[in-house]
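Each remark here refers to the structure printed beneath this line.
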Amino acid sequence: MERSDVQIDQKLTSSEIISQEPVLQLWTFQEVAKHSSPSSLWIVINNHVYDVTEFIYEHPGGMEVILEFAGMDATGAFEGKGHSDDAKQLLQKYHIGKLHESDHRG
Ligand code: HEM
Numbered sequence: 001m002e003r004s005d006v007q008i009d010q011k012l013t014s015s016e017i018i019s020q021e022p023v024l025q026l027w028t029f030q031e032v033a034k035h036s037s038p039s040s041l042w043i044v045i046n047n048h049v050y051d052v053t054e055f056i057y058e059h060p061g062g063m064e065v066i067l068e069f070a071g072m073d074a075t076g077a078f079e080g081k082g083h084s085d086d087a088k089q090l091l092q093k094y095h096i097g098k099l100h101e102s103d104h105r106g
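Residue numbers (UniProt numbering): 1 to 106.
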């Protein structure tokens, strides 16, 4: 392989990586608080924001406990219950971004 071919390969690879980098959406608590009903339900866990609207009907622990934290920080409740690694993994499916630095807790 010639030297110029190698350089082309490297260029392609790095631009692919850049284009696939996810842009992390930032939200304020004010925005999260607007999503506090079953028709649009967001919660915050460890400064990350999750849209769990679809999930509330599937939650093995019931809908009520999640509704209680609609539009709010549910970190203590989520971790206090001792959710499994599977549950933590499942959260990623509903991840929609992070809280603004100025709204971080803990
Ligand atoms: C919104 C994100 C949440 C996800 C993805 C989630 C996921 C799960 C999953 C997969 C289970 C089955 C057991 C396990 O794998 O640990 C579970 C059980 C449970 N969850 Fe959650 N959960 C969430 C939020 C909450 C919150 C905020 C509470 C409030 C206390 C809660 C309370 C419970 C309880 C009490 C159970 C036990 C149900 C039982 O075993 O009878 N969960 N959750």
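Ideal placement from N, C-alpha and C gives every residue a C-beta, glycine not left out.
Through-space distance from Thr53 to Ile96, alpha-carbon basis: Approximately 12 Å between the Cα atoms of the pair.
Heavy atom of the ligand HEM within 6 Å of Asp86 beta-carbon: Under cutoff, so the answer is yes.
Buried versus exposed, by CB contacts within 10 Å (16 or more), Gly71: Buried: at least 16 other Cβ atoms inside 10 Å.
Of the listed residues Lys34, Asn46, Ser40, Ser36, nearest to Glu79 (C-alpha basis): Taking each of Lys34, Asn46, Ser40, Ser36 in turn and checking the Cα distance to Glu79, the smallest one comes out for Asn46.
Given Leu91 as reference, the closest of Ala33, Glu101, Val23, Glu58 once Cα atoms are compared: Comparing Cα positions, the closest option is Glu58.
Alpha carbon of Arg105 to alpha carbon of Met63, nearest angstrom: If you draw a straight line from the Cα of Arg105 to the Cα of Met63, it comes to about 25 Å.
Three-way DSSP call (helix, strand, coil) for Lys93 in this model: Here Lys93 carries a helix assignment [DSSP, helix/strand/coil].
Counted within 10 angstroms of its Cβ, other Cβ atoms place Ala33 as buried (16 or more) or exposed: Classification for Ala33: exposed.
Sequence-distant residues of its chain with Cβ nearer than 8 Å to Ile56 (five each side left out): Excluding residues within five positions, the ones whose Cβ falls inside 8 Å are Pro38, Leu41, Met63, Ile66, Leu67.
Any non-hydrogen atom of the ligand HEM within 6 Å of residue 127 CB: A question about residue 127 goes unanswered here, because the residues of the chain that appear run from 1 up to 106.
Backbone CA spacing between Asp51 and Phe69 [nearest angstrom]: Whole-angstrom Cα-Cα distance: 12 Å.
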